[in-house]
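A.B. asks: Numbering (the UniProt record's numbering), first residue to last: 1 to 436. Backbone N, C-alpha and C fix where the C-beta goes; we use that ideal spot for every residue, glycine too. Quick one: the structure is below, questions incoming.
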Amino acid sequence: MSDRLISDVVSALEALTRQEREAQRRLNMIPSENHTSPLARIALGLDSGHRYFFNTSNDPNSWNFPAAREASRVETELTLPLLRRLTRAEHVNVRTLSGLQAMALVLSALGGGPGTTVISIHADQGGHYATAGLARRLGLTSVLASGPDPHSLDLDALTTLVARHRPSLVYLDLSHALFPLDAEAVVAAIRAAGTSARVHVDISHWMGLVLGGAIPHPLDAGADSMGGSTHKTFPGPQHALIATRDAHLAAEIGLAQQEMISNHHLAVTCALGLAAAEFLAADPLGYSRQIIASARLLGAHLAERGLPPEAAERGYSGGHQLWVDSARAGVDADTAARRLDEAGISVNVLTDLPGMQGRPALRLGVAEPLSVGLTTDDMPLVADLVTAAVFARRPADVIAEHVAALRAARVPRWRLADQPQIATILRRLTAQEYAA
Ligand SMILES: Cc1ncc(COP(=O)(O)O)c(C=O)c1O
């Protein structure tokens, strides 16, 4: 074996070790990311990560991929029942690997044949950058719904658009958005056109808030289906789900899924079930409400310290994220983000946020800070640390030590592994894995 190969592997392992150490010391405020518990992660490193699982009916004669048999029970007996409960939908598909792949599946399954029109949300109102292009790649005609400002859709115009284009599907994809969709009003506007358009709400960024109960549920509002990433406001592994109460739609989605996805990563769906259990055990309504309250409070405290986020007149946020045009406060966004990074705080710099006319701005969120144990009461301190870093009021390494001390002082929210029966079996599982 070459020394070079060994030293490359050592370097790789050192990088992973540094990543772990840093992850424990830093405050990650990237709104697209979250923190899963060690319990939820356990399945990712086990044999389930090598297996295919197709026999969803558990037919004893259909185990043509029998190696998955035991782990598959986690998907069918934990993940799906818990997600049916959380989504309040009888039909849940957990076979898409990410939000964008779930989007591709829904556009393909419900978008109609080539030439059919699909309406989605204009990027200027927070629609996802990829939706229109993806629809066109599938041979669909993309039409975009827009609104009078970065945070609203024009509902009368939406009704007219649906009546004129008679889309097979209206795909409501709110991505770069500070405020949730008023799903009931939007669905009513679509139905008012009197067509048979189906309505799918992509809640990638809002999953934890919808499943927790802090914002209205799209299926209760009359949408036909909803779905999206499981790793933004929902503290699951990087994956996606699609939920519907309509058996016929579920069958259409299932058929398209079989043709588009063969390996759905069984280990990740096991992790998703364990994350769903953590979520349910730790006051989902409280978590989802605290996310919104924390984002709003952080916004107010940042403003007080000279770094006002957008949408002050609407309370800064109705979800998990804040947008800050730091250049208005005298520090350009790239410099601000670099200073935050050096101080142990991760944020995004984006140039495509609605209403910012292409100006680079900071995007920061509170879902992961709350997952790692911070609370709404910590937001004044977080605002202190963020502004101290952005305005270089204190040396970055001093702030980074403060951030690390804050992380060390807080206990992550997801704590099922502390339950004695769970702790015992986890110890056994880990010992067995290392013995193997
Ligand atoms: C509405 C919407 N759909 C899809 C995606 C893509 O999700 P993923 O990164 O999990 O593929 C996002 C990500 O921000 C999103 O906001």
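Under the three-state reduction of DSSP, which class applies to Arg-363: helix, strand or coil?
C.D. replies: To locate residue 363, count along the sequence shown from 1; it is residue 363. In this structure, Arg-363 counts as strand in the three-state DSSP scheme.
A.B. asks: If I measure Cβ to Cβ from Leu-297 and keep anything under 7 Å in the same chain, skipping five residues before and after, which residues do I get?
C.D. replies: Sequence index remark: in the sequence shown, residue 297 carries index 297 (1-based). So the list reads Thr-376, Met-379, once near-sequence residues are dropped.
A.B. asks: At which residues does the alpha helix (DSSP H) containing Ser-72 begin and terminate?
C.D. replies: Taking the first residue of the sequence shown as 1, we reach residue 72 at position 72. It spans 69 to 74 - the alpha helix (DSSP H) in which Ser-72 sits, taken as one unbroken run.
A.B. asks: In its own chain, which residues sit with a C-beta less than 8 Å from the C-beta of Gln-290, not counting the 5 before and 5 after it?
C.D. replies: Walking along the sequence shown from the start, residue 290 turns up at place 290. Closer than 8 Å at the Cβ level, and outside the excluded window around Gln-290, lie Leu-370, Thr-375, Thr-376.
A.B. asks: What separation, rounded to the nearest whole angstrom, lies between the Cα atoms of Gly-228 and Val-9?
C.D. replies: Your numbering for residue 228 matches position 228 in the sequence shown. Your numbering for residue 9 matches position 9 in the sequence shown. Roughly 35 Å between the two C-alpha positions.
A.B. asks: Bridge partners of Asp-149, per DSSP?
C.D. replies: Here residue 149 is taken as the residue at index 149 of the sequence shown, counted from 1. Answer by DSSP bridge pairing, in chain order: Ser-152.
A.B. asks: Would you say Leu-155 faces chain B, with C-beta separation under 7 Å as the test?
C.D. replies: Included in the structure is just one protein chain, with no chain B present.
A.B. asks: Specify which residues have a beta carbon nearer than 5 Å to any heavy atom of ligand 1, listing them in chain order.
C.D. replies: Going along the chain, the residues that qualify are Ser-98, Gly-99, Leu-100, His-128, Asp-173, Ser-175, Asp-202, Ser-204, His-205, Ser-229.
A.B. asks: Compare the beta carbon distance of Leu-322 and Val-92 with 7 Å and say whether it is the shorter of the two.
C.D. replies: Translated into positions along the sequence shown, residue 322 becomes position 322. Translated into positions along the sequence shown, residue 92 becomes position 92. Contact: no.
A.B. asks: Just how far apart, CA to CA, sit Leu-16 and Glu-22?
C.D. replies: Taking the first residue of the sequence shown as position 1, residue 16 is located at position 16. Taking the first residue of the sequence shown as position 1, residue 22 is located at position 22. Roughly 10 Å separates the two Cα atoms.
A.B. asks: Curious, which full-length alpha helix (DSSP H) runs of at least 4 residues does the stretch 109 to 196 contain?
C.D. replies: 131 to 137, 155 to 165, 183 to 191, all fully within the stretch 109 to 196.
A.B. asks: Between which two residues does the alpha helix (DSSP H) holding Thr-335 run?
C.D. replies: Translated into the one-based positions of the sequence shown, residue 335 becomes position 335. Where Thr-335 is concerned, the enclosing alpha helix (DSSP H) stretches over 333 to 342.
A.B. asks: Judging by CA-CA distance, which residue of Ser-152, Ala-197, Asp-182 is the nearest neighbour of Val-210?
C.D. replies: Translated into positions along the sequence shown, residue 210 becomes position 210. For Val-210, the nearest C-alpha among the options comes from Asp-182.
A.B. asks: Within a Cβ cutoff of 6 Å, which residues of the same chain sit near Glu-75, ignoring the five residues on either side of it in sequence?
C.D. replies: Your numbering for residue 75 matches position 75 in the sequence shown. Thr-269, listed in sequence order.
A.B. asks: Ignoring anything shorter than 3 residues or poking outside the stretch 360 to 432, list the beta strand (DSSP E) runs there in chain order.
C.D. replies: For the stretch 360 to 432, whole beta strand (DSSP E) runs of length 3 or above, ordered along the chain, are 361 to 365.
A.B. asks: By DSSP, does Ser-37 sit in helix, in strand, or in coil?
C.D. replies: Translated into positions along the sequence shown, residue 37 becomes position 37. Coil.
A.B. asks: Within 10 angstroms of the Cβ of Pro-60, are there 16 or more other Cβ atoms? Answer buried if so, exposed if not.
C.D. replies: Within the sequence shown, numbered from 1, the residue matching residue 60 stands at position 60. Burial call: exposed.
A.B. asks: Work out the CA separation of Gly-212 and His-205 for me, nearest whole Å.
C.D. replies: Along the sequence shown, one-based indexing puts residue 205 at 205. Along the sequence shown, one-based indexing puts residue 212 at 212. If you take the alpha carbons of His-205 and Gly-212, they lie about 13 Å apart.
A.B. asks: Closest to Ala-404 by CA distance: which of Gln-432, Arg-359, Gly-112, Gly-373 is it?
C.D. replies: For the purposes of this step, residue 404 is taken as the residue at position 404 of the sequence shown. Taking only the C-alpha atoms, the option nearest Ala-404 is Gly-373.
A.B. asks: When you compare the stretch 35 to 50 with the stretch 413 to 426, are there three or more beta-carbon pairs, one atom per stretch, that lie closer than 8 Å?
C.D. replies: With the cut-off at 8 Å, the stretch 35 to 50 and the stretch 413 to 426 touch.
A.B. asks: What number of angstroms, rounded off, separates the C-alpha of Asp-156 from the C-alpha of Thr-430?
C.D. replies: Counted from its first residue, the sequence shown places residue 156 at position 156. Counted from its first residue, the sequence shown places residue 430 at position 430. Going by the C-alpha atoms only, they are around 57 Å apart.
A.B. asks: Between the stretch 78 to 86 and the stretch 278 to 294, can you find at least three pairs of beta-carbon atoms closer than 8 Å?
C.D. replies: The answer is yes - the stretch 78 to 86 touches the stretch 278 to 294, with three or more Cβ pairs under 8 Å.
A.B. asks: Does the Cβ-Cβ distance between Val-201 and Pro-180 come in under 7 Å?
C.D. replies: Here residue 201 refers to the residue found at position 201 when the sequence shown is read from its first residue. Here residue 180 refers to the residue found at position 180 when the sequence shown is read from its first residue. Result no, Cβ atoms of Val-201 and Pro-180 do not sit closer than 7 Å.
A.B. asks: Is it right to say residue 438 is buried, meaning 16 or more other beta carbons lie within 10 angstroms of its own, or is it exposed?
C.D. replies: The displayed coordinates of the chain run from 1 to 436. Any statement about residue 438 would go beyond what the structure contains.
A.B. asks: Below 8 Å on the Cβ atoms is my guess for Leu-272 versus His-301; work out the distance and round it to an integer in Å.
C.D. replies: Position 272 of the sequence shown, counted from the first residue, corresponds to residue 272. Position 301 of the sequence shown, counted from the first residue, corresponds to residue 301. Not confirmed; about 34 Å, so no contact.
A.B. asks: Beta-carbon separation of Ala-193 and Val-162 under 7 Å?
C.D. replies: The residue you call residue 193 lines up with position 193 of the sequence shown. The residue you call residue 162 lines up with position 162 of the sequence shown. Against a cut-off of 7 Å, the Cβ pair of Val-162 and Ala-193 comes out as a contact.
A.B. asks: Start and end of the alpha helix (DSSP H) containing Leu-209?
C.D. replies: Taking the sequence shown and counting its residues from 1, the one referred to as residue 209 is at position 209. Taken as a continuous stretch (DSSP letters only), the alpha helix (DSSP H) holding Leu-209 covers 207 to 212.
A.B. asks: How big is the Cα-Cα spacing for Gly-330 and Leu-174?
C.D. replies: Numbered from its first residue, the sequence shown carries residue 330 at position 330. Numbered from its first residue, the sequence shown carries residue 174 at position 174. If you take the alpha carbons of Gly-330 and Leu-174, they lie about 30 Å apart.
A.B. asks: Check whether the Cβ atoms of Met-255 and Ser-225 sit closer than 7 Å, and answer yes or no.
C.D. replies: Along the sequence shown, read from residue 1 onward, the residue named residue 255 stands at position 255. Along the sequence shown, read from residue 1 onward, the residue named residue 225 stands at position 225. It should be pointed out that residue 255 corresponds to Leu in this sequence rather than to Met. No, Cβ-Cβ distance for Leu-255 and Ser-225 is not below 7 Å.
A.B. asks: Would the beta-carbon of Pro-360 fall within 7 Å of that of Val-347?
C.D. replies: The residue labelled residue 360 in the question sits at position 360 within the sequence shown. The residue labelled residue 347 in the question sits at position 347 within the sequence shown. In this structure, Val-347 does not lie closer than 7 Å to Pro-360 by Cβ.
A.B. asks: Within its chain, find whatever has a CB closer than 8 Å to the CB of Pro-114; leave out the 5 residues flanking it on each side and keep chain order.
C.D. replies: As a working note, residue 114 is residue 114 in the sequence shown. Within the same chain, Pro-114 has close Cβ partners Leu-138, Gly-139, Leu-140.
A.B. asks: Specify the secondary structure class of Met-260 as computed by DSSP and reduced to three states.
C.D. replies: For the purposes of this step, residue 260 is identified with residue 260 of the sequence shown, where counting begins at 1. Helix at Met-260.
A.B. asks: For Ser-196, count neighbouring C-beta atoms within 10 Å of its own C-beta (all shown protein chains included) and say buried if the count is 16 or more, exposed if not.
C.D. replies: Residue numbering aside, residue 196 sits at position 196 when the sequence shown is read from its first letter. So Ser-196 ends up on the exposed side.
A.B. asks: Given this structure, state the Cα-to-Cα distance separating Glu-33 from Ser-294, to the nearest angstrom.
C.D. replies: To locate residue 33, count along the sequence shown from 1; it is residue 33. To locate residue 294, count along the sequence shown from 1; it is residue 294. Cα-Cα distance, rounded: 17 Å.
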